[in-house]
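Data first, discussion second: the structure below is written as structure tokens.
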Amino acid sequence: MSTPVSYFLVVSALLFSVGTIGVLVRKNALVIFMSVELQLNAVNLALVAFSRLHGNLNGQVLAFFSMVVAAAEVVVGLAIIVTVYRRRQSASVDDFTVLRG
Amino acid sequence: MTAEQLVFWVFAPISVGSAIAMVLQRNAVHAALFLVVNFFTIAVFYLILGASFLFAVQIIVYAGAIMVLFLFVIMLLGVDRDESLFERLKGQRVIAITLGVGIAVELIVAIRAGIGFATKGAENFDAVNRGGNAEALGRVLFRQYFFPFEVTSVLLIVAGIAVVVLASQKRRIITRADAAAAAARREAA
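Residue numbers (our numbering), protein chains in the order written: chain A, -5 to 95; chain B, 423 to 611.
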């Protein structure tokens, strides 16, 4: 292992910030959701890098759990987007100005 | 420069570049494809970091299952048109990018202050991965983390039920074609 662990953390930080910008800037609900996935992946990468840094597998187990939760979250989130699309005929968050169904 | 460093320096720019390209793409399908590239590069990073099991899981779960789901929903809803560049909140884009760059700088400063840029991983990682990464991970997962592991199965069942409930609501107008057909029926009646 000759690459410093911190390089992976820097990549992870950059990916997380790009994901944050995506969530704040984009309007398509699906693309916002993809940016959230990018953030989750960035944090997973940081967890695995820390696991390597400390020389135990707890970080990898946590990354594994976060993948499971992310899979469940994607399924529910996409179902919500499909349901909202049925009502409003739009996937742009600019059109979702009221929470009332 | 070792092979490992070479792999890192080839894939790190691809990773960050594909993430930026994903945010910049106005078309949702292109954004999803750039996200697949990003997921693959992250899988390669897992491999360099000695997490070969997570490498496989990343490709199967993220690049496989989750992205197929995303593309399926994009196609189903037909939202693959270009997004409008109109800003409802004036200056939102500039402020968001400033804040995003700020968080990147802050995180990098925190990494430098926390562990420094030259810190290498622990030397004994091959011993940790004794019997292969999957076996070692299984040992930790089924001994130390057995209860959380069982709880995730409940979580997956709850998510499955939630999706069935959400998706099987009383049928309303579903597509534009359906809406047009419904309007035609009303006119005929």
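Here a beta-carbon is modelled for each residue, glycine too, at the ideal position from N, C-alpha and C.
Can you find a CB in chain B that lies within less than 8 angstroms of the CB of residue i?
{"i": "A:L24", "result": "yes"}
{"i": "A:F2", "result": "yes"}
{"i": "A:Q33", "result": "no"}
{"i": "A:F90", "result": "no"}
{"i": "A:R20", "result": "yes"}
{"i": "A:S11", "result": "yes"}
{"i": "A:S60", "result": "no"}
{"i": "A:V42", "result": "yes"}
{"i": "A:R46", "result": "yes"}
{"i": "A:V30", "result": "no"}
Put residue i into one of helix, strand or coil per three-state DSSP.
{"i": "A:S86", "result": "strand"}
{"i": "B:N551", "result": "coil"}
{"i": "B:N460", "result": "helix"}
{"i": "A:M61", "result": "helix"}
{"i": "B:L446", "result": "helix"}
{"i": "B:L521", "result": "helix"}
{"i": "B:F508", "result": "coil"}
{"i": "B:M423", "result": "coil"}
{"i": "B:P435", "result": "helix"}
{"i": "B:S440", "result": "helix"}
{"i": "A:S(-4)", "result": "coil"}
{"i": "A:V92", "result": "coil"}
{"i": "A:N52", "result": "helix"}
{"i": "B:R565", "result": "helix"}
{"i": "B:R503", "result": "coil"}
{"i": "A:L72", "result": "helix"}
{"i": "B:N469", "result": "A small fix is needed here, since residue 469 of chain B is Leu in this sequence, not Asn. Of the three classes helix, strand and coil, the one that applies to B:L469 here is helix, per DSSP."}
{"i": "A:G16", "result": "helix"}
On the criterion of 16 or more Cβ atoms from any shown chain inside 10 Å, does residue i qualify as buried, or is it exposed?
{"i": "A:S6", "result": "buried"}
{"i": "B:Q566", "result": "exposed"}
{"i": "B:M489", "result": "buried"}
{"i": "A:P(-2)", "result": "buried"}
{"i": "B:F467", "result": "buried"}
{"i": "A:S(-4)", "result": "exposed"}
{"i": "B:G538", "result": "exposed"}
{"i": "B:Q514", "result": "exposed"}
{"i": "A:M28", "result": "buried"}
{"i": "B:N546", "result": "exposed"}
{"i": "B:R607", "result": "exposed"}
{"i": "B:I533", "result": "buried"}
Taking 8 angstroms as the CB-CB cut-off, is residue i touching chain A?
{"i": "B:E609", "result": "no"}
{"i": "B:E505", "result": "yes"}
{"i": "B:M444", "result": "yes"}
{"i": "B:I537", "result": "yes"}
{"i": "B:I496", "result": "yes"}
{"i": "B:I470", "result": "yes"}
{"i": "B:S437", "result": "yes"}
{"i": "B:R565", "result": "no"}
Closer than 7 angstroms by C-beta to residue i: which residues in its own chain qualify, once you throw out the five before and the five after it? Chain order, please.
{"i": "B:F456", "result": "S440, A443, M444 and Q447"}
{"i": "B:M454", "result": "Just to set this straight, residue 454 of chain B is Ala in the shown sequence, not Met. Cβ neighbours of B:A454 beyond the five flanking positions: M489, F492, L493 and I496."}
{"i": "B:A473", "result": "N555"}
{"i": "A:L51", "result": "S45"}
Kindly indicate the opening and closing residues of the alpha helix (DSSP H) around residue i.
{"i": "A:E31", "result": "A23 to H48"}
{"i": "B:Y484", "result": "B:Y484 -> no alpha helix (DSSP H), and no H or E assigned at all."}
{"i": "B:I583", "result": "F568 to A589"}
{"i": "B:I537", "result": "Here B:I537 belongs to no alpha helix (DSSP H), and DSSP marks it neither H nor E."}
{"i": "B:N478", "result": "The sequence shown places Ala at residue 478 of chain B, not Asn. Looking at the DSSP string, the run of the alpha helix (DSSP H) that includes B:A478 is S474 to V479."}
Under 8 angstroms Cβ to Cβ from residue i, same chain only, skipping five residues before and after it: list those, please.
{"i": "B:I470", "result": "E426, V429 and F430"}
Output needed for residue i: all residues of its chain with C-beta closer than 6 angstroms, excluding positions within five of it in sequence on either side, in chain order.
{"i": "A:F10", "result": "Q33 and A36"}
{"i": "A:A43", "result": "V(-1), F2 and L3"}
Please list the partners that residue i has in chain D, where partner means a Cβ-to-Cβ separation under 8 angstroms.
{"i": "A:L93", "result": "Annotation note: the requested chain D is absent from the structure, which comprises protein chains A and B."}
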